[in-house]
Amino acid sequence: MAGARGALIALEGVDRAGKSTQGRRLVEALRAGGHRADLLRFPGRRGWGSGCVGGWG
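This note's numbering numbers the first residue of the sequence shown as 1 and each following residue consecutively.
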């Protein structure tokens with residue numbers, strides 16, 4: 001598939017809303033359908049981006 005583009009799907013919501021659970025389920029469903037899928041979590045509470053959200057929660 002020369003020139004095929006991927007997709008970025010973002011799940012947003014408040015803490016403990018189930019974003020991680022839904023993300024895992026989505027990745028499992030995509031992979032089961034033969035698609036390549038990865039789950040990324042950003043910025044999170046650790047690492048270089050943690051200063052952006054650390055004070056909010």
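Built from N, CA and C at the ideal position, the CB exists for glycine as well.
- Item | Extent of the continuous alpha helix (DSSP H) run through Arg24 | 19-32
- Message: Rounded to the nearest angstrom, what separates Leu11 and Ala29 at their Cα positions?
- Response: Going from the Cα of Leu11 to the Cα of Ala29 covers about 16 Å.
- Message: I'd like to check one pair, Val27 with Ala73: are the Cβ atoms closer than 7 Å?
- Response: Given that the chain is displayed from residue 1 to residue 57, the structure contains no residue 73 and the question cannot be resolved.
- Message: Can you look up Arg41 in the DSSP assignment and give me helix, strand or coil?
- Response: coil
- Item | Residues of its chain near Lys19, where Cβ-Cβ distance is below 8 Å and the 5 sequence neighbours each way are ignored | Leu11, Glu12, Gly13
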